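Have a look at the structure below, then the notes.
Numbering (my numbering), first residue to last: 321 to 462.
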């Protein structure tokens, strides 16, 4: 079994409505995302002896995660205040992206993992919110 990984970056803003520290306010991050997949080596063809071509990995993550999130307002679709801001931004033809959870590094990591699991053999996601703060998410062993 092999593991390979590719790193991505995107910029976005969010807020944590109801949080009792400064992240309660609207603010932005340059997120760094590490996507790790695992699998056996491909037996034949142009991708022989690879788990996956990095270009294919890049295209999938770009389509399903980076492009939708980059330069968007990320919000919790279950929070009325965050939805009010999203509604105004949408009315102004601005980019928004709804999460089914709070937009913490933890919530976003699990969402990204679950989303990409539909397309890739994901083993781990690591999401940096700042250069010194990250969340790592992987499925726990049963």
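Even glycine gets a Cβ: it sits at the ideal position worked out from N, Cα and C. Computed from a prediction, not measured in an experiment: that's the story for all the values here.
Between residue 401 and residue 337, the beta carbon gap of about 5 Å places them in contact (Cβ cut-off 8 Å). Around the beta carbon of residue 350, fewer than 16 other beta carbons sit within 10 angstroms, so the residue counts as exposed.
Taking all protein chains in view, the Cβ of residue 457 is crowded by 16 or more other Cβ atoms within 10 Å, so the residue is classified as buried.
Between residue 322 and residue 390, the gap from beta carbon to beta carbon reaches 8 Å or more. Under DSSP, the beta-bridge partners assigned to residue 453 are 450.
Boundaries of the beta strand (DSSP E) around residue 393: 392 to 396. Each residue's CA atom was taken as its position, placing residue 366 and residue 382 some 22 Å apart.
Residue 444 carries a strand assignment under DSSP once its states are collapsed to helix, strand and coil. Taking C-beta atoms as the reference points, residue 371 and residue 436 fail to come closer than 8 Å. The C-beta separation of residue 394 from residue 332 comes to about 5 Å, placing the pair in contact by the 8 Å criterion.
Around residue 449, the same chain offers 349, 351, 425, 455 as residues with beta carbons nearer than 8 Å, after the five sequence neighbours per side are excluded. Per DSSP, the continuous beta strand (DSSP E) segment holding residue 351 begins and ends at 347 to 359.
The count of Cβ pairs closer than 8 Å, one atom from the segment 357 to 365 and one from the segment 409 to 420, stays below three, leaving the stretches out of contact. The beta carbon of residue 396 sits closer than 7 Å to the beta carbons of 402, 419, 421, 422, 423 from its chain, once the five residues preceding and following it are set aside; these are given in chain order.
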